[in-house]
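First the structure, in the form of structure tokens, and then the observations on it.
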Amino acid sequence: MAFTEYQLLTVLAQEMNMRKAAERLFVSQPALSQRLQNIEKDWGTKIFIRSQKGLSLTPAGELIVNFAKEILEKEGFVREEIDALQTKVHGTLKIACASIVGQNWLPQVLKKFVDRYPHAKISLITGWSSEILEAIYEDTVHIGIIRGTPDWKGPKHHLFHDTLYLVDREIQDIKQVMETDRPFIQFKSDSNYYQEIQDWWHRQFQTTPKRTIVVDQIETCKQMTFNGIGYAILPAITLNGADEGLFKIPLMDENQSTIARDTWLLGYDSAFELRQVKAFVEVIEEFLETNSSHIS
Numbered sequence: 016m017a018f019t020e021y022q023l024l025t026v027l028a029q030e031m032n033m034r035k036a037a038e039r040l041f042v043s044q045p046a047l048s049q050r051l052q053n054i055e056k057d058w059g060t061k062i063f064i065r066s067q068k069g070l071s072l073t074p075a076g077e078l079i080v081n082f083a084k085e086i087l088e089k090e091g092f093v094r095e096e097i098d099a100l101q102t103k104v105h106g107t108l109k110i111a112c113a114s115i116v117g118q119n120w121l122p123q124v125l126k127k128f129v130d131r132y133p134h135a136k137i138s139l140i141t142g143w144s145s146e147i148l149e150a151i152y153e154d155t156v157h158i159g160i161i162r163g164t165p166d167w168k169g170p171k172h173h174l175f176h177d178t179l180y181l182v183d184r185e186i187q188d189i190k191q192v193m194e195t196d197r198p199f200i201q202f203k204s205d206s207n208y209y210q211e212i213q214d215w216w217h218r219q220f221q222t223t224p225k226r227t228i229v230v231d232q233i234e235t236c237k238q239m240t241f242n243g244i245g246y247a248i249l250p251a252i253t254l255n256g257a258d259e260g261l262f263k264i265p266l267m268d269e270n271q272s273t274i275a276r277d278t279w280l281l282g283y284d285s286a287f288e289l290r291q292v293k294a295f296v297e298v299i300e301e302f303l304e305t306n307s308s309h310i311s
């Protein structure tokens with residue numbers, strides 16, 4: 016079966032409609048129908064069943080389409096490896112990034128990367144740091160950017176650390192926390208970050224907050240705090256350039272040192288050998304050098 020036939024089957028399986036598939040493949044429906052018949056003849060089995068509602072895969076068709084997808088995926092990997100041998104940066108840079116970094120820090124770095132390497136493509140997924148580690152382990156991305164202290168045996172690059180602050184429009188001193196009736200706004204996060212805040216709270220106050228509001232995203236927590244609904248504990252990465260009129264009280268540990276979150280870049284050795292990954296690391300290093308005081 017020719018390589019273009021793998022693409023044809025994959026598009027048909029995505030659309031499950033002859034007309035839409037023909038439009039995507041830039042062929043007529045009769046031509047597409049004839050090519051499908053030839054493929055089915057070659058395999059000696061029906062791949063799709065037609066009905067008024069569209070197409071549906073036969074059991075054998077599912078196997079054949081999955082095989083076609085694997086071939087196309089492997090072809091993509093081979094092309095990336097070939098591109099890595101060339102002088103220009105090509106291929107896809109696959110990144111998994113902690114959501115908070117993806118929203119507040121990474122866009123500035125990616126802007127510099129795409130400006131410098133217009134031929135490179137970017138695939139970005141975001142989530143909790145635990146999810147990022149899973150994506151790296153499963154080899155679905157080249158590199159990951161996570162928060163906290165990673166249990167990672169491969170190459171890792173420390174990017175930055177940012178202080179945690181108790182942020183509010185009214186509270187100016189940490190002692191006022193136990194006096195206020197304003198709610199403590201918390202956001203869901205991976206257990207490591209949540210536990211760090213809980214440990215600090217119990218060391219500091221030996222009790223639980225009077226009132227709490229729990230939200231599902233740090234951005235929601237931030238906006239509620241900025242609008243004066245309550246107070247929150249937020250990392251500096253979320254505050255730079257957007258903290259006018261807010262009081263920021265740095266969190267201190269038992270040794271009276273500021274509590275900060277670290278951000279790391281991780282990956283396997285093989286990933287850091289790819290030209291697009293090397294180029295991305297260089298852009299990061301340049302960005303950190305010129306923006307070293309951006310996060311505090």
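Just remember that the numbering used here sits 15 ahead of the position in the sequence shown, which is counted from 1. By construction, the Cβ of each residue, glycine as well, lies at the ideal position given by its N, Cα and C atoms.
Could you have a look at residue i and say whether DSSP puts it in helix, strand or coil?
| i | result |
| --- | --- |
| H217 | helix |
| R50 | helix |
| L127 | Contrary to the premise, residue 127 reads as Lys rather than Leu in this sequence. In this structure, K127 counts as helix in the three-state DSSP scheme. |
| K135 | Contrary to the premise, residue 135 reads as Ala rather than Lys in this sequence. Three-state DSSP puts A135 in coil, outside helix and strand. |
| L266 | coil |
| I274 | coil |
| F41 | coil |
| Y209 | helix |
| L289 | coil |
| L261 | coil |
| I140 | strand |
| Q201 | strand |
| T227 | strand |
| Y21 | helix |
| L27 | helix |
| I248 | strand |
| L303 | helix |
Should residue i be labelled buried (16 or more other beta-carbon atoms within 10 Å of its own) or exposed?
| i | result |
| --- | --- |
| R218 | exposed |
| G76 | buried |
| E300 | exposed |
| A247 | buried |
| E88 | exposed |
| K237 | buried |
| D164 | The sequence shown places Thr at residue 164, not Asp. Exposed, by the Cβ-count rule. |
| T278 | buried |
| R276 | buried |
| F199 | buried |
| F220 | exposed |
| Y21 | buried |
| E2 | For residue 2 there is no data in the structure shown, the boundaries of the chain being 16 and 311. |
| D177 | buried |
| G59 | exposed |
| G245 | buried |
| V93 | exposed |
Please go through the same chain and pick out, in chain order, the residues whose beta-carbon is closer than 8 Å to the beta-carbon of residue i, but skip the five residues on each side of it.
| i | result |
| --- | --- |
| E269 | R218 |
| T235 | F202 |
| D231 | F202, K203 |
| K263 | Y180, L181, V182, L254 |
Less than 7 Å between C-beta atoms, sequence neighbours within five positions excluded: which residues of the same chain meet that for residue i?
| i | result |
| --- | --- |
| V298 | V124, K127, F128, R131 |
| L23 | L40, R50 |
| E55 | K61, I62 |
| K103 | H134 |
| A36 | V26, L27, E30, L47 |
| N119 | I252, T253 |
| F295 | L108, F128 |
Can you give the beta carbon distance from residue i to residue j, rounded, assuming they're within the 8 Å contact cut?
| i | j | result |
| --- | --- | --- |
| S204 | W167 | With a Cβ gap of about 19 Å, S204 and W167 do not count as contacting. |
| I158 | V292 | 6 Å |
| V26 | R39 | 5 Å |
| I189 | L179 | Incorrect: roughly 13 Å between the Cβ atoms, too far for contact. |
| I79 | S71 | Rounded, the Cβ-Cβ distance is 14 Å, inconsistent with contact. |
| G243 | R184 | 5 Å |
| I115 | I233 | 6 Å |
| F241 | L261 | 7 Å |
| D284 | G169 | 6 Å |
| I110 | I160 | 7 Å |
| L339 | L303 | Because the chain is modelled from 16 through 311, residue 339 falls outside the range shown and cannot be assessed. |
| A113 | I151 | At roughly 12 Å, the Cβ-Cβ gap does not stay under 8 Å, so A113 and I151 are not in contact. |
| D196 | K225 | 6 Å |
For residue i, which residues in the same chain have their Cβ closer than 6 Å to its Cβ, ignoring the five residues on either side in sequence?
| i | result |
| --- | --- |
| G117 | T141 |
| I212 | I248 |
| A83 | Y21, L24, T25 |
### Those runs of the beta strand (DSSP E) which lie wholly inside the segment 144-196 and span at least 3 residues
158-162, 171-183
### Task
Starting from the N-terminal side, write out each stretch of the beta strand (DSSP E) that is 3 residues or longer and does not extend beyond the segment 55-124.
63-66, 69-72, 107-113
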